[in-house]
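**Student:** For what it's worth, numbering that gives the first Met the number 0 labels the leading residue of the first sequence as 0, then goes sequentially. Dropping a structure here in structure tokens format, bear with me for questions.
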Amino acid sequence: MSEERSLNFIEEIVEEDIRAGKHGGRVLTRFPPEPNGYLHIGHAKAICLNFGLAQKYNGKTNLRFDDTNPTKEETEYVDSIKEDVKWLGFEWAEELYASDYFDQLYDFAVKLIGKGLAYVDDSSAEEIAAQKGTPTEPGTPNQYRSRSIEENLQLFAEMKDGKYPDGAKVLRAKIDLAAPNMHLRDPLMYRIKHAHHHRTGDKWCIYPMYDFAHGQSDAIEQITHSICTLEFVPHRALYDWFIEQLEIFPSKQYEFARLNMTYTVMSKRKLMQLVNENHVEGWDDPRMSTISGLRRRGYTAASIREFCERIGVAKRENMIDVGLLEFCIREDLNKTAWRRMAVLDPIKLIITNYSEGQTETMHGENNPEVEGGEGGRDIPFSKELWIEREDFMEEPPKKFFRLGVGLMVRLKSAYIVKCEGFKKDADGKVSEIYCTYIPESKSGDDTSGIHVKGTIHWVSVQHAKTAEVRLYDRLFKVEDPSSEEGDFKDYLNPDSLQILPNAYIEPDMVNALPGKGYQFIRKGYFTLDKHSTPDKLVFNRTVTLKDGWVKKG
RNA sequence: UGCCUGAUAGUAUAAUGGUAGUACGACGGUUUUUGGUACCGUUUGUCUAGGUUCGAAUCCUGGUCGGGCAACCA
Numbered sequence: 000m001s002e003e004r005s006l007n008f009i010e011e012i013v014e015e016d017i018r019a020g021k022h023g024g025r026v027l028t029r030f031p032p033e034p035n036g037y038l039h040i041g042h043a044k045a046i047c048l049n050f051g052l053a054q055k056y057n058g059k060t061n062l063r064f065d066d067t068n069p070t071k072e073e074t075e076y077v078d079s080i081k082e083d084v085k086w087l088g089f090e091w092a093e094e095l096y097a098s099d100y101f102d103q104l105y106d107f108a109v110k111l112i113g114k115g116l117a118y119v120d121d122s123s124a125e126e127i128a129a130q131k132g133t134p135t136e137p138g139t140p141n142q143y144r145s146r147s148i149e150e151n152l153q154l155f156a157e158m159k160d161g162k163y164p165d166g167a168k169v170l171r172a173k174i175d176l177a178a179p180n181m182h183l184r185d186p187l188m189y190r191i192k193h194a195h196h197h198r199t200g201d202k203w204c205i206y207p208m209y210d211f212a213h214g215q216s217d218a219i220e221q222i223t224h225s226i227c228t229l230e231f232v233p234h235r236a237l238y239d240w241f242i243e244q245l246e247i248f249p250s251k252q253y254e255f256a257r258l259n260m261t262y263t264v265m266s267k268r269k270l271m272q273l274v275n276e277n278h279v280e281g282w283d284d285p286r287m288s289t290i291s292g293l294r295r296r297g298y299t300a301a302s303i304r305e306f307c308e309r310i311g312v313a314k315r316e317n318m319i320d321v322g323l324l325e326f327c328i329r330e331d332l333n334k335t336a337w338r339r340m341a342v343l344d345p346i347k348l349i350i351t352n353y354s355e356g357q358t359e360t361m362h363g364e365n366n367p368e369v370e371g372g373e374g375g376r377d378i379p380f381s382k383e384l385w386i387e388r389e390d391f392m393e394e395p396p397k398k399f400f401r402l403g404v405g406l407m408v409r410l411k412s413a414y415i416v417k418c419e420g421f422k423k424d425a426d427g428k429v430s431e432i433y434c435t436y437i438p439e440s441k442s443g444d445d446t447s448g449i450h451v452k453g454t455i456h457w458v459s460v461q462h463a464k465t466a467e468v469r470l471y472d473r474l475f476k477v478e479d480p481s482s483e484e485g486d487f488k489d490y491l492n493p494d495s496l497q498i499l500p501n502a503y504i505e506p507d508m509v510n511a512l513p514g515k516g517y518q519f520i521r522k523g524y525f526t527l528d529k530h531s532t533p534d535k536l537v538f539n540r541t542v543t544l545k546d547g548w549v550k551k552g
């Protein structure tokens with residue numbers, strides 16, 4: 000197959016570089032998360048991009064933790080990030096940390112001071128902000144800007160040695176206070192933070208800023224293509240400036256548009272708020288856009304990779320319909336999930352002409368999408384069955400292919416039945432449905448000659464097992480909660496989780512495997528929740544089946 | 001008022017001066033022991049005004065609209 004697939008703009012850059020013999024054709028990318036939260040589907044896009052690029056062009060990818068702010072970073076996050084990247088199916092060449100380079104970064108800073116390109120500033124944060132000017136007015140230099148190299152060297156060493164409290168001094172690059180690009184107006188390189196670092200402990204009390212750590216780390220690792228999101232475009236000039244002045248490996252930064260998805264939020268800050276304020280059960284709540292949440296919900300790694308492939312990579316702002324993610328998981332699960340029957344909202348159906356106490360064993364295949372069905376399982380059948388309440392109507396409309404008095408349906412993998420009547424309880428609610436079955440219509444051995452439009456699922460009352468089933472809906476009521484008036488949490492969907500404590504499942508489901516997807520026929524795809532136990536089975540609905548039946552009138 | 005970016009069906013994404021294509025969605029149909037799947041079909045698009053050219057989504061100029069930038073965050 001030589002199916003021609005078009006390249007995205009980053010692949011074009013890489014191919015051009017390879018063609019030009021840049022770096023001897025070597026490709027080395029990196030995925031550089033800050034370990035201050037859990038990874039979400041937006042990170043998955045970056046992961047697939049970075050690792051995918053390396054795979055495609057015989058390169059490698061480093062996993063580098065951008066841990067330059069000790070007050071926000073924790074080992075718990077490091078561990079979850081590694082787990083998520085692995086689960087997505089990628090292997091990094093090296094596991095690295097920006098904090099591994101603190102000594103080297105310190106030397107880089109000394110070098111810049113020595114070149115007269117950095118100075119220690121005693122101003123407060125407010126003063127520095129004020130002196131930076133505004134986008135339309137240039138900044139103004141202060142008295143510290145003209146300190147001698149010797150004085151700067153000494154002061155910076157003292158900063159490192161812990162002689163000053165937090166905020167007393169910073170190290171700044173001496174570039175241009177009138178630069179149109181605000182990031183070039185003498186940006187901060189180091190700040191004092193007497194804080195414990197999750198890896199370097201108390202060794203340091205000064206920590207480099209992002210701009211004086213990221214590009215330098217890229218250069219140290221000899222990253223060829225440093226890919227990040229659009230908000231870093233204005234940082235690129237600084238990225239290049241430091242590399243040039245330091246005379247280190249010329250890594251290049253390229254930017255793509257981050258992923259936005261409808262009906263969710265995609266920033267660690269907001270996701271953390273949802274967790275901390277208990278709007279969700281945790282970072283891995285199945286409604287969260289986190290990788291761990293999607294995994295617990297029943298999404299497969301393959302479906303997420305496919306999603307990242309389909310959304311593409313470009314430089315324009317985008318808002319992806321969450322429906323595309325749902326399409327990807329349905330497409331995957333349709334081919335792999337075993338079919339089972341479960342009744343979520345039960346009502347009893349009694350077959351009046353079926354003998355009391357009689358049972359039969361029906362057979363159902365595991366997966367009709369696969370040749371041979373991938374084997375099958377036995378399904379016990381008896382006089383009393385649970386069926387879905389919505390599969391019966393007292394006054395069915397014209398195209399209702401389910402039950403109503405006088406209507407016939409096929410019970411999946413069993414007999415055709417005809418509805419003869421029903422009973423209501425004291426509240427006027429339908430409590431039992433009465434049918435007769437057609438003995439000649441047994442599945443696989445049907446000589447009745449009868450053809451019905453509808454097939455419904457069922458579970459034998461005396462053989463049914465119970466399970467808790469959790470139905471998830473979108474977390475927010477609006478497409479883009481972040482762009483709405485007021486707080487994004489005002490737009491949370493109050494009905495995003497519906498718990499059904501007593502659903503009936505066919506007995507074979509006690510053998511359900513954790514991590515495997517099942518299709519509850521006609522209801523959707525489900526998977527075992529992490530809190531499920533043999534005594535109390537708990538299933539999460541991953542996604543519904545596409546519903547082509549639109550009620551009319 | 002400055003600088004940086006971007007603009008192609010509803011949503012994404014191709015077409016790299018030469019027939020505007022693909023996917024998801026929507027709509028309609030065929031098949032079906034899941035109103036699922038599969039298959040077939042239909043629908044809708046180059047922000048705008050000029051210019052260059054035999055020919056412009058693509059190149060040039062002006063405008064319009066969107067996003068980002070003034071954290072001791074990344």
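The beta-carbon is built from N, C-alpha and C at its ideal position, and this holds for glycine as well. Only a predicted model underlies this, so the values are computations on that prediction, with no experimental measurement involved.
Give the DSSP bridge partners of residue 379, in chain order.
**Tutor:** Here residue 379 is taken as the residue at index 380 of the first sequence, counted from 1. DSSP lists 360 as the beta-bridge partner residues of residue 379.
**Student:** Determine the DSSP secondary structure at residue 232, reduced to helix, strand or coil.
**Tutor:** On the first sequence, position 233 is the one that residue 232 refers to. Helix.
**Student:** Please specify which runs of the beta strand (DSSP E), each continuous and at least 3 residues long, are wholly inside the segment 310-343, giving them in chain order.
**Tutor:** Taken in chain order, the complete beta strand (DSSP E) segments of 3 residues or longer contained in the segment 310-343 are 337-339.
**Student:** How should residue 551 be labelled, buried or exposed, when 16 other C-beta atoms within 10 angstroms of its C-beta is the threshold for buried?
**Tutor:** Position 552 of the first sequence, counted from the start, is the residue given in the question as residue 551. Reliability fails at residue 551, whose pLDDT of 42 lies under 50, so the model's placement of it is uncertain and the value that follows must be treated cautiously. Under this definition residue 551 is an exposed residue.
**Student:** Of the residues 475, 467, 491, which one's Cα is nearest the Cα of residue 536?
**Tutor:** Locating residue 536 in the first sequence gives position 537, where the first residue counts as 1. Closest by alpha carbon: 467.
**Student:** Thinking C-alpha only, which one of 89, 56, 174, 435 is nearest residue 408?
**Tutor:** Taking the first sequence and counting its residues from 1, the one referred to as residue 408 is at position 409. Looking at the Cα atoms, 435 is the closest of the given residues.
**Student:** Relative to the alpha-carbon of residue 251, which residue among 326, 282, 218, 348 has its alpha-carbon at the smallest distance?
**Tutor:** Residue 251 sits at position 252 when you count from the first residue of the first sequence. That would be 218, whose Cα lies nearest to the Cα of residue 251.
**Student:** Output yes or no for whether 8 angstroms exceeds the beta carbon distance between residue 245 and residue 155.
**Tutor:** By 1-based counting over the first sequence, the position of residue 245 is 246. By 1-based counting over the first sequence, the position of residue 155 is 156. For residue 245 and residue 155, no; Cβs fall outside 8 angstroms.
**Student:** Under 8 angstroms by Cβ, that's how I've got residue 342 and residue 387 pegged, so tell me the actual separation to the nearest angstrom.
**Tutor:** Residue numbering aside, residue 342 sits at position 343 when the first sequence is read from its first letter. Residue numbering aside, residue 387 sits at position 388 when the first sequence is read from its first letter. 6 angstroms between Cβ atoms; contact.
**Student:** Just to confirm, is the Cβ distance from residue 263 to residue 291 under 8 angstroms?
**Tutor:** Translated into positions along the first sequence, residue 263 becomes position 264. Translated into positions along the first sequence, residue 291 becomes position 292. Pairing residue 263 with residue 291 gives a Cβ-Cβ distance that is not under 8 angstroms.
**Student:** Do residue 236 and residue 170 come within 8 angstroms of each other at the CB atom, strictly closer than that value?
**Tutor:** In the first sequence, counting from the first residue as 1, residue 170 sits at position 171. In the first sequence, counting from the first residue as 1, residue 236 sits at position 237. No. Outside cutoff.
**Student:** Do residue 636 and residue 176 have their C-beta atoms closer together than 8 angstroms?
**Tutor:** Given that the chain is displayed from residue 0 to residue 552, the structure contains no residue 636 and the question cannot be resolved.
**Student:** Tell me whether residue 174 is buried or exposed, calling it buried when 16 or more other Cβ atoms sit within 10 Å of its Cβ.
**Tutor:** On the first sequence, position 175 is the one that residue 174 refers to. Looking at its Cβ environment, which holds 16 or more other Cβ atoms inside 10 Å, residue 174 is buried.
**Student:** Mapping the DSSP letters down to three states, classify residue 449 as helix, strand or coil.
**Tutor:** If you number the first sequence from 1, residue 449 lands on position 450. Here residue 449 sits in coil by DSSP.
**Student:** Scan the segment 224-308 and note each continuous beta strand (DSSP E) run of 3 residues or more that stays entirely inside, going in chain order.
**Tutor:** 224-228, 251-255
**Student:** Should residue 216 go down as buried or exposed, given a rule of 16 or more other Cβ atoms within 10 Å for buried?
**Tutor:** For this step, residue 216 is matched to residue 217 along the first sequence. Classification for residue 216: buried.
**Student:** Check whether the Cβ of residue 122 lies closer than 7 angstroms to any heavy atom of the ligand HEM, and answer yes or no.
**Tutor:** Ligands displayed in this structure: none; no statement on the ligand HEM is therefore possible.
**Student:** Please list, in chain order, all residues of the same chain as residue 395 whose beta carbon is under 6 angstroms from its beta carbon, the five residues on each side excluded.
**Tutor:** On the first sequence, position 396 is the one that residue 395 refers to. Taken in chain order, the residues that qualify are 403.
**Student:** Thinking residue 506 and residue 456 are a contact (beta carbons under 8 angstroms), I'd like their distance in whole angstroms, please.
**Tutor:** As a first step, residue 506 is located in the first sequence; it is residue number 507 there, counting from the start. As a first step, residue 456 is located in the first sequence; it is residue number 457 there, counting from the start. That pair is no contact at about 14 angstroms.
**Student:** Output the distance between the C-alpha atoms of residue 91 and residue 10, rounded to the nearest integer angstrom.
**Tutor:** What you label residue 91 is simply residue 92 of the first sequence in a count that begins at 1. What you label residue 10 is simply residue 11 of the first sequence in a count that begins at 1. Those two C-alpha atoms are separated by around 20 angstroms.
**Student:** State the Cα-Cα distance for the pair residue 473 and residue 323, rounded to the nearest angstrom.
**Tutor:** Start at 1 with the first residue of the first sequence, and residue 473 comes out as number 474. Start at 1 with the first residue of the first sequence, and residue 323 comes out as number 324. Those two C-alpha atoms are separated by around 14 angstroms.
**Student:** According to DSSP, simplified to helix, strand and coil, what is residue 473?
**Tutor:** Position 474 of the first sequence, counted from the first residue, corresponds to residue 473. DSSP, reduced to helix, strand and coil, places residue 473 outside both helices and strands of the structure shown, so it counts as coil.
**Student:** With a threshold of 16 other CB atoms inside 10 Å of the CB of residue 229, please say whether the residue is buried or exposed.
**Tutor:** As a first step, residue 229 must be located in the first sequence, where it is residue number 230. Counting Cβ neighbours within 10 Å, residue 229 comes out exposed, since fewer than 16 surround it.
**Student:** Taking the alpha-carbon positions, what's the residue 149 to residue 114 distance?
**Tutor:** Locating residue 149 in the first sequence gives position 150, where the first residue counts as 1. Locating residue 114 in the first sequence gives position 115, where the first residue counts as 1. Between residue 149 and residue 114, the C-alpha separation is close to 11 angstroms.
**Student:** By the 10 Å Cβ neighbour count, where 16 or more other Cβ atoms means buried, how is residue 195 classified, buried or exposed?
**Tutor:** Within the first sequence, numbered from 1, the residue matching residue 195 stands at position 196. With fewer than 16 other Cβ atoms within 10 Å, it is exposed.
**Student:** Taking the alpha-carbon positions, what's the residue 98 to residue 61 distance?
**Tutor:** To locate residue 98, count along the first sequence from 1; it is residue 99. To locate residue 61, count along the first sequence from 1; it is residue 62. Cα-Cα distance, rounded: 15 angstroms.
**Student:** Determine the extent of the beta strand (DSSP E) in which residue 94 is found, giving its start and end residues.
**Tutor:** For the purposes of this step, residue 94 is taken as the residue at position 95 of the first sequence. Where residue 94 is concerned, the enclosing beta strand (DSSP E) stretches over 94-96.
**Student:** Over what stretch of residues does the alpha helix (DSSP H) that includes residue 483 continue unbroken?
**Tutor:** Position 484 of the first sequence holds residue 483. Looking at the DSSP string, residue 483 is not in any alpha helix (DSSP H), and its letter there is neither H nor E.
**Student:** Is the CB-CB distance between residue 297 and residue 526 below 8 angstroms?
**Tutor:** Residue 297 sits at position 298 when you count from the first residue of the first sequence. Residue 526 sits at position 527 when you count from the first residue of the first sequence. Contact flag set, yes.
**Student:** DSSP on residue 145, reduced to helix/strand/coil?
**Tutor:** For the purposes of this step, residue 145 is identified with residue 146 of the first sequence, where counting begins at 1. Residue 145: helix per DSSP, three-state reduction.
**Student:** Quick check: what's the CA-CA separation for residue 282 versus residue 133?
**Tutor:** As a first step, residue 282 must be located in the first sequence, where it is residue number 283. As a first step, residue 133 must be located in the first sequence, where it is residue number 134. Cα-Cα distance, rounded: 39 angstroms.
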